[in-house]
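The sequence shown begins at 3 in the numbering used here and counts up by one. All C-beta atoms, glycine included, are put in the ideal place defined by N, C-alpha and C. In this text, all values refer to a predicted model and were calculated from it rather than measured experimentally.
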Amino acid sequence: MTRGRRGEMSAACRLRTERPHCGRSPRCERRPGDQVQPQASRTMKRRSFIKVIGGMAGGYALGVTCAWARESTVPIVGERNGMPLRKLGRTGATVSIVGFPGLSMTRDPQETCNRALRQAIEAGVNYIDNAPAYGNGVCEERMGVALQGLNRDELFLACKTKRRDAQGCREELERSLKRHKTDHFDLYQLHHLQFPEEVEQALGPGGAMETILKAREEGKVRFIGFSAHTTKAALMALERFDFDTVMFPINYVELFTFGFGKEVLEKAQQKGAAVLAIKAISAGAWPPGMKRTRQWWYRCEEEPEDLARALHFALSQRGVVVGFSSAWFDLFEKTIAAAKRFQPISQEDVERLQKRALQAHSLFKRYQDAVAAGPGFGPVWPDSPHEGGAGRLA
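As structure tokens, this is what we get:
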């Protein structure tokens, strides 16, 4: 890719990024009157096929690839026990490039949870993620026990609230602090914003943000963020308030299948919000008829190299500071190993992921459809932990 000044895309790259794509490769198009060639002559060689799928991936793939210059990736500022560290945007906090998934504490006994957290911290992880919605408070209670005896000042503890009103948010915040046995959260986030109406309520008069801002004055919250699963909610939230962080799905399947995440990355950069990449090791939705190898609402990359490639992809995106594993201790161990050998994604690996994405099914297209349909759409993924299904404790 040709560049002028540092961080500036070439005109050709910009055109490829902005040009709409028809969704099919021109060399695969038949016109009226064309003769059908014999099967042998229509068989593409592998090299030609790779060129074609680049077109099928569309402007999304080209646009995202153009943003992957090494100078666009958030720099590493140090390491802790081999774990790379980054600055969390304007907060100035130094955090590990992968976060401990509190949701993983749903399915194991307390002793296992204690051991998993301590092993993660020994491996250099200092970002700890949790929420009251995980296991209906189970994860918070287990995390509170697991944190005992650890140096709280060395950890970056993040929590969330699904309450959109001020009073409900206050109740949930105080309960979460008590369960975690701490006097403050380093980051407190509006959890799982999906519809614009939720953003309006949370940020409007009598909304949750009133409580969060007051809690920041009280020293119970240091920084403020949100998590979202839809582009519309995320963009609206970023426009309405100067959030320190945005937690959003940043994943190769979603970006290469329909450009999901690209607009949020761009808006976050404009607003100066650090990006926390959830679903970083997702392999997409379970295809119809496929036997589930895990009782979970989406597929995960299982092989170490595939997992590492997916994680490195997410961590290479402009503005992304931290990536998250799925909620399984064994996958988190693989994620730690992958993080310790992080390098910005190579063009060769980008092309591998493009091809892999063509065989996958988007997880978040359904969320986008739900927003288009309105609040009456119903549960998007009924078995996800966000909507009270089996994913909560499976």
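Asked: Which of helix, strand or coil DSSP assigns to residue 178; Found: helix
Asked: Top-ranked residue by Cα proximity to residue 365, from 291, 147 and 286; Found: 286
Asked: Helix, strand or coil at residue 387 [DSSP, three-state]; Found: coil
Asked: Residue from 295, 94 and 281 whose Cα sits closest to the Cα of residue 274; Found: 94
Asked: Residue 93 - DSSP class collapsed to helix/strand/coil; Found: helix
Asked: Simplified DSSP assignment, three categories, for residue 300; Found: coil
Asked: DSSP three-state assignment for residue 366, whether helix, strand or coil; Found: coil
Asked: Nearest to residue 291 (by Cα), restricted to the options 226, 363, 179 and 169; Found: 363
Asked: Rounded separation between residue 356 and residue 349 - CA only; Found: 10 angstroms
Asked: Buried versus exposed, by CB contacts within 10 Å (16 or more), residue 213; Found: buried
Asked: Own chain residues within Cβ distance below 6 angstroms of residue 269, not counting five before or after; Found: 237 and 240
Asked: Residue 192 to residue 169 span [Cα, whole Å]; Found: 14 angstroms
Asked: Three-way DSSP call (helix, strand, coil) for residue 162 in this model; Found: strand
Asked: Three-way DSSP call (helix, strand, coil) for residue 334 in this model; Found: helix
Asked: Uninterrupted alpha helix (DSSP H) stretches inside the region 217-278 (no shorter than 4 residues); Found: 233-242, 254-260 and 264-273
Asked: Residues bridged to residue 192 (per DSSP); Found: 163 and 228
Asked: Delimiting residues of the beta strand (DSSP E) encompassing residue 123; Found: Per DSSP, residue 123 belongs to no beta strand (DSSP E); it is in the alpha helix (DSSP H), 112-124.
Asked: Rounded separation between residue 12 and residue 74 - CA only; Found: Residue confidence is low: residue 12 scores 36 on pLDDT, short of 50, so the model does not pin down where it sits. No coordinate-derived value is stated.
Asked: Which of helix, strand or coil DSSP assigns to residue 344; Found: coil
Asked: Spatially closest choice to residue 99 from 361, 280, 303 and 354, by CA coordinates; Found: 280
Asked: Start-to-end residues for the alpha helix (DSSP H) that takes in residue 351; Found: 349-359
Asked: Pairwise C-alpha distance: residue 301 and residue 221; Found: 39 angstroms
Asked: Helix, strand or coil at residue 68 [DSSP, three-state]; Found: Confidence in residue 68 is poor, its pLDDT being 40 and thus under 50, which makes the residue's placement too unreliable to answer from.
Asked: Residue environment, residue 251, which counts as buried when at least 16 other CB atoms sit within 10 Å; Found: buried
Asked: Residue 105 to residue 329 span [Cα, whole Å]; Found: 5 angstroms
Asked: For residue 154, the residue or residues it bridges with in DSSP; Found: Note: residue 154 sits in no beta bridge, so no partner.
Asked: Run of the beta strand (DSSP E) containing residue 305, from where it starts to where it stops; Found: No beta strand (DSSP E) contains residue 305, which DSSP labels as neither H nor E.
Asked: Residue interval of the alpha helix (DSSP H) (run including residue 80); Found: Run containing residue 80: none in the alpha helix (DSSP H); it sits in the beta strand (DSSP E), 80-82.
Asked: Residue-level contact to chain B via CB, residue 265, 8 angstroms cutoff; Found: No chain B appears in this structure, which consists of one protein chain only.
Asked: Residue range of the unbroken beta strand (DSSP E) whose run includes residue 289; Found: Element bounds for residue 289: n/a, residue is neither H nor E.
Asked: Residue nearest to residue 338 in terms of C-alpha spacing, selected from 114, 90 and 128; Found: 128
Asked: Whole-angstrom distance between residue 153 and residue 374, CA atom to CA atom; Found: 46 angstroms
Asked: For residue 172, three-class secondary structure by DSSP; Found: helix
Asked: Cβ neighbour criterion (16 or more within 10 Å) applied to residue 246; Found: buried
Asked: Closest residue to residue 87 among 120, 108 and 157 (Cα-Cα distance); Found: 157
Asked: Where residue 319 falls, given that 16 or more other Cβ within 10 Å makes a residue buried; Found: buried
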